[in-house]
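Quick note: the sequence shown, position 19, residue 4 per the numbering used here, numbers continuous.
Even for Gly, the Cβ is constructed at its ideal location relative to N, Cα and C.
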Amino acid sequence: MVGLYRTRAVVLRVKDFGEADRLVTLLTAESGKVQALAKGVRRPKSKLAGGISIFSLGDFQLWQGKSLDGIKQVEIIESYRLLRENIEKMAYASYVCELTDQLQGERDADSGVFSLVIHTLAALQDYEDLDLVLGIFLLRVLSIGGYLPEINVCVSCGSVVPIGSSLVLSASGGGILCADCIRGEKSASAEALSLLRFLVNADYRLAGRIKAGSVNYQVVSLLMNYVTYYLEKRLKSSDFLDIIREEKGGFKSVNGSK
């Protein structure tokens, strides 16, 4: 078949298409985000059915089409089954995949994003401190996109914000505010600033060793609001994730945007 190519990819989104097909959004290692059609995958005897599951990582053989590529074969490398079977992990993984889908352009290859996503899904499956994992992911993906907030100096007056200060993350300003510039904004705890600075260079393995509880919750809430501001819309998975996080942790969300 003319136009066949192989690529390693993770499934970001799956949507029913027609009577028996599915439209699959893939994040590939070589070609970035690709929309591909899995023909007949909803039929009982389809050989593709087992490999076309959200979050799964596989080696795909695709054919090039005029408007959509098509999936011919897939060999599963890692199914990340636990992410689909555990409702908490599913909420976090869904947010990661939807955010990646929104940030990545069609055919805009970025090996750094691909590596980040598969390592994040693996960490969400392996570790229990899901907020810590999500916090690291959000900081990394913001950094790759050039949107990493300023977390050392006040974006209003330019003064250094010392450890021990309460945290307000101004989305419109692109970073943190000092005590003099907060002006009544609702702030997170001083520990949140320390954790935010720590997570910028943190490794996912820390999620298996440290527990920060409500501080993790606050930092992730701040970063999710920051992401929403730059996307100029709220992700569909955010509502589901907010419910899961509040039920699990029992902490009140911190807005922190300005």
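Query	Result
Nearest-angstrom Cα separation, counted from D165 out to I136	16 angstroms
Cα-Cα separation, K57 to N210	40 angstroms
Supposed contact pair R(-9) and F45 - C-beta distance, whole angstroms, cut 8 angstroms	7 angstroms
As assigned by DSSP and simplified to three states, the class of K57	strand
Per DSSP, the bridge partner or partners of I161	L154
Contact with chain D by L184, beta-carbon distance below 8 angstroms	In the displayed structure, chain D is absent; only one protein chain is listed.
Simplified DSSP state of V88, which is helix, strand or coil	One detail in the question is off: residue 88 reads as Leu in this sequence, not Val. In the structure shown, L88 sits in a helix (DSSP, three-state: H, G or I).
Given T85 as reference, the closest of L67, R69 and L106 once Cα atoms are compared	L106
Q110 - DSSP class collapsed to helix/strand/coil	helix
Assigned secondary structure, K0 (DSSP; H/G/I helix, E/B strand, else coil)	strand
Beta-ladder partner(s) of G43, from DSSP	A(-6) and I61
Inter-residue Cα distance where the pair is S150 and C163	8 angstroms
Residues sharing a beta bridge with Q20, DSSP	T10
Cβ-based neighbour list, I39, same chain, cut-off 6 angstroms, excluding 5 preceding and 5 following	V(-4) and V(-1)
Burial state of V145, where buried means 16 or more other Cβ atoms lie within 10 Å	exposed
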